[in-house]
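Straight run, no breaks: the sequence shown in our numbering ends on number 1114. I have placed the structure first, in the form of C-alpha cells, so that the comments after it can refer back to it.
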Amino acid sequence: MADTVKTNAFGDRYLYNINRGSFDKVSAQAVFDAEFSKRLLQEDCLNIIIGTDSGLLPKYVQQQGIPSGSRYIFIEPEQVLEQLHQHQLLDNLPEEIICTTPALWEEQAHIFKINEYSYINSIKSFNAICAQQAIIDDYAELGWQLTEALHILHFRYNTTIGYEAFISRQLENIAENILPVTYLANAYQDKTVIILAGGPSLTTVFPWLLENRRKLVVFSVSRISRQLISAGIEPDFVFSVDPQDVNIDVSREMFLFSEQTVFINSYHVQPGLINQWHGQSLYLGTRLPWQSDLNIANIQGTGPTVTNSALSMAHYFGFSKILLAGFDLCFTKEGITHAQGSDEQLAGPKYNSTPLQVEIYNGEYRPTGQDYHAALLTLEKQAAQISSSHCEIINLAPTAAKVEHISHIPCTEITLPDIQDNDISSVKQRIPQLTDDLLNSHYQAVINELEKTDFQIKAIAKLAKKALVINERMYSAEGKIENYKDKRELDNIEKQLKRKYRKHSKLVKKFGIRQFIKINSPHDSDNWDAEKAKKLGTIYYQAYQSGATKLSTLIDSAIARTKTRREELKAEPDFSRLLAQWDQDKSYHRATLWLQKHPHASISEQTALALQAFQDQFNQVITTQDTAFKSKVVKNSTLLLLKSKIKLLFKHRKIDELKNLKLGFINDSNHDNKEPYLLLIEGYLAELENDTEAALVHYNHILNLDQPPLLEEALLRIAAISLDWQDQQNAFLALDCLTQLSPVYLPYQAELARITGDHLLAIDSYNAYINFFPEDTLSKLKLTSLYIDIKVYEAAELMLEHILQTTPDLESAVSLKKQLDAIKQEESKAITEKP
C-alpha cells in the first residue's frame, strides 16, 4: 500500500488512500462532530469502531475526554494498522483506547469485559468515515463480520438477563394468556405433522402439500402466512414467539386465516398478534413473572426461535413423524435468504453476507449467516432429544443445511396414511370454549392479583425514594457520614426490602437487572471511600426506584387493559373506554371482534363511525406495503454492497460464488442499472478463468457506458492486464484516466514512465504526487533516484537536502547522498584528469 499521508489546512494528517477527500475542505473535528455528535462519548459504553480514519477518530475521542467507564476498540485491516503505526498516527493513545486487527478484536473485547457491557446493554458499534466509504474493500467485509459477531455475542450474553422486555410483554398479554398448551399434550399419537418455516425451499413443497393436505396436520410459523394465503393453504396451528414490534410487520397476514386455525403463542409474543386474534389460542410459559396461583401448570416450549418452539410442540403433542419444510438455515446459492414472496426475498439477494458456508443434504455447500449457523447447533441438540424417543424427523428439502438426527427424504417418497377430518377437529375440541363466565372469572382473578402486587411494588418504590433522600443527606461535603441515625434508618429500609418485601424485591431486581448491574461497572476502580459509597448507594436505590416505578406503570396499564376486556363482555359497554384502550394498544381489530360477538347491539351513529374507522385502520395495517421491516431488509441489497461483494469474491478467487452472485443479481428486480455490474462480474470471471482477452472486452464496455459507476474498477483491471501483456500504450492510457480520478495513482504512472524511458512524464507525475502529499518520503526518494539515474544531479541534491532536513537519520536518504557524493567526486576527478 502506497504512503499517501496528507495534511490539510487544519493540521489533520491522514492517509489519502484511506480517506480520499473526506477532510480536504473541512476539519476532522467538524466532520466527527456532525457524524457522531455525542453518540460516541457516552459513559459506561464499550464502543467498537471499524476504521480509525487515519488515527484521527481515536485522537478525537481522546481530545473530547474519555467518558467514565467507557472503552474503545478500533479495528483496522492489518496492513492499514501497520501503515498507521509507521507514520506514528496512533501514538500516545490512552489505555482505554485500543487499535487492533480483525483477528484480535474479540480477544481485546473480552479483556475490556464485553460480557459486562452487554449485560447493561452498552455495546455500541460504529463505522468510521473511511469504513462508510469503503474505499478499501476490507472495510466492507469487516463490517459484515462484525455485525454478525456482535449479534451472536449480544444474544449469548443477554439470554440470561433480558428479563425486562419479556416481563413487559408478559404483563401486556396477561388478559389474553388464558388457556395453556397442556390441553393438547399427546393429542396426536402416531400421527404425521409437517412444520412450515420461512426458508427459501418452502414454496417448492406447496404442490405436494396441497395434494396431501388431508393426510397431514399442518404447523406454520406466523411469518410465512402471506405465502400460505397466496397458495390457498390454511394451517391447523400457527406459531409466534417474537416480542419485538417487527413481528406484526412480518406476521400480519395470519389474520386472514379462518377461525379453524389455532394460534399457539409464547407468553411474551408481540401483543398486537394475540390481542387481535380471532380464533382459539393456547399460550406457552407462565402468565405472570412472579409466584402466583394464576401460573397454572404449563410448558415453556424450546427456544430461542419460533421454529424451535414449533418442533418441541410437535413432539409434545405426540406426533411420531415430523416433516420439515422451509427449515433451510442457509441461503440459496444466489444469496436469497427467505421464502419466495417474503419481504427479504422481494428485497433481493443479501449482498452483505460473510463467506460462511454449510453442507446441505445433496452434498453441495450453501452460504449462511452467523445467526443461522448458531441456530443449527441448537436444532441439532433438539433433534437428538426428540429422535431418542422414537420420533422421526425428516427434512424434505435437499437444499437445507444438513443436521445430525434429521434425515432427508424427498416429499415424493413420503408415504402418508389418511387422516379423517374428525381426527383433527375432535382434538381441537379438547380446547375449552371461552364463555363470558370463564372470561369474566379470568379477568377478575387477574385484576385481583395485579392490584395486590401493585400495592407491594408501590411500597418498594416509596421506600427507595426515601432511601435516596437519606443517602444524599447522610454524607458531609467531605464525603463522610455525619449522622449515624440516618445510617440506621437506611439499614432498616434495607431490612424491609429483604424481609417484608422479599418476594417482590426480587421481582424488581429481576425486572431492572441492567440498572442493578451498573453498581459494578465494567471498569470500576478498587478504591473505596465514603464518596464512592454514597455514589453506589445512589445507583442502588435509583435502580430500585426506577425498576419499581416502571413495573408499577406496567401493572397499572395491565389492570386498566383487563378492566377494559371485562367491559367488552357487556352488550352496552362504555365505548369511550373501549376505543381509548384499543387506540392506545393499536389493537384496531378488536372493534371487528366486538361487533361479531354482539351482532344485535344497538349503537349510536357516532360509535358506529368510530368502530368503522378502527376496522379501516386494521385493514390498512394488513395491506400496507411500506413497513419498517421492509425498509430495513432493503438495506441488505444495495448496489454499494453488491460492488463490495463482487470485489471481495474476485479477491478471494471465488469463481462459483461469483457466478451465483451474477445469477442472483440478474433476477434482482430492485435495480435498473445492472449492465456495469454484470460487465464487471463477467470481466472478473474471465480473468479467473484465464481468458484475459474476454475480460478486457468486458472492461472496455464499462468505459463506453454513459457515466459508469464502476469506472475505477474497470480501469484498474485494464491497467493490470495491459502490464501483463507489456502493452505499455494501453497501460498508460488506463493510468492516465485513473490519475484523473484520484492522485493516489500518480506514483504508478510515474514508475511505468520511468521503466519505459519517458523520464519527463515520470518526473512530472512524481512532482504532482508530492505536491499533493508532501509527507510521502518514499516517493521523494524514488524521484531522487530517478534524477540520479538520468544524471540530473542538481535536482537530486536539492531533493535529498529537503528530505534530510526533516529526517536526517533516514538510512535510505543517507545512502543516496553518499552515492550522489561519490558520483560527483568521480566527475570532478574526471574533469581534473582531463588533458
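A virtual CB, placed ideally from N, CA and C, is assigned to each residue, including glycine. Since this is a predicted model, take the numbers as computed values, not measurements.
Using 8 Å as the threshold, is the region 965 to 975 in touch with the region 997 to 1010, meaning 3 or more CB pairs across them? yes
Give every residue of the same chain whose Cβ lies closer than 7 Å to the Cβ of D1006, excluding the five residues on either side of it in the sequence, and list them in chain order. none
I673 and H687 look like a contact to me (Cβ under 8 Å); what is the Cβ gap, rounded to whole Å? 7 Å
Measuring alpha carbon to alpha carbon, tell me which residue in I882, T843, N979 is nearest V863. It should be noted that the sequence gives Gln, not Val, for residue 863. With distances taken between Cα atoms, Q863 lies closest to T843.
Between the beta-carbon of A419 and the beta-carbon of D332, is there less than 7 Å? no
CA-CA distance, Y867 and Y978? 56 Å
Inter-residue spacing [alpha-carbon to alpha-carbon] between D895 and R869: 12 Å
Could you tell me the distance, in whole angstroms, from the CA atom of V900 to the CA atom of K953? 34 Å
Round the Cβ separation of F481 and G605 to the nearest angstrom and send it over; I've been treating them as touching at under 8 Å. Here residue 481 is Leu; the residue named in the question, Phe, does not match the sequence. At roughly 3 Å, the Cβ-Cβ gap stays under 8 Å, so L481 and G605 are in contact.
Count the other CB atoms, across all protein chains shown, that sit within 10 Å of the CB of T1056; report buried if there are 16 or more and exposed otherwise. buried
Express the C-alpha separation of Q708 and A676 in angstroms, rounding to a whole number. 33 Å
Assuming N544 and S530 form a contact by the criterion Cβ under 8 Å, report the distance between their Cβ atoms to the nearest whole angstrom. So it is not a contact: roughly 11 Å between Cβ atoms.
Less than 7 Å between the C-beta atoms of I508 and L421, yes or no? no
Express the C-alpha separation of I575 and A454 in angstroms, rounding to a whole number. 14 Å
Residues bridged to N1050 by DSSP? Beta-bridge pairing links N1050 to no other residue.
Assign R645 to one of two classes, buried (16 or more other C-beta atoms within 10 Å of its C-beta) or exposed (fewer than that). buried
Unbroken stretches of the alpha helix (DSSP H), 4 residues or longer, contained in the region 968 to 1030: 971 to 982, 990 to 1003, 1007 to 1020
Put K759 into one of helix, strand or coil per three-state DSSP. coil
Let me check one thing: in DSSP terms, what residues is K403 bridge-paired to? N326
Closest by C-alpha distance to K777, when choosing among I739, E692, I1034, I1102: I739
Can you name the residues that DSSP bridges to K600? T471, E671
Collapsed DSSP secondary structure at K285 in the structure displayed: strand
Buried or exposed: where does E1105 fall if 16 or more other Cβ atoms within 10 Å of its Cβ makes it buried? exposed
Span of the alpha helix (DSSP H) around C409: 408 to 412
Looking only at C-alpha atoms, which of A887, I772, L919, T616 sits nearest to P988? L919
DSSP beta-bridge partners for H687? N674
Which of helix, strand or coil does DSSP assign to Y630? coil
Let's test the definition: count the other Cβ atoms within 10 Å of the Cβ of W1123 and tell me whether it reaches 16, buried, or not, exposed. Because the chain spans 280 through 1114 in this model, residue 1123 falls outside it and cannot be assessed.
Beta-carbon separation of K600 and E683 under 7 Å? no
So within the region 357 to 402, which uninterrupted alpha helix (DSSP H) runs reach at least 4 residues, ignoring any that extend past its ends? 357 to 365, 384 to 390, 393 to 398
Residues near Y1048 by beta carbon distance below 8 Å, same chain, minus five either side: P1022, L1025, P1026, A1029, D1055, S1058
S499: buried (16+ other C-beta within 10 angstroms of its C-beta) or exposed? buried
Considering only DSSP beta bridges, list what A889 is partnered with. Answer is none; A889 lacks a bridge partner.
Residues near D416 by beta carbon distance below 7 Å, same chain, minus five either side: S923, K926, L927, K930
Can you have a look at L1095 and say buried or exposed, based on whether 16 or more other CB atoms are within 10 angstroms of its CB? buried
Quickly, what does DSSP pair I639 with across the bridge? List them, please. A680
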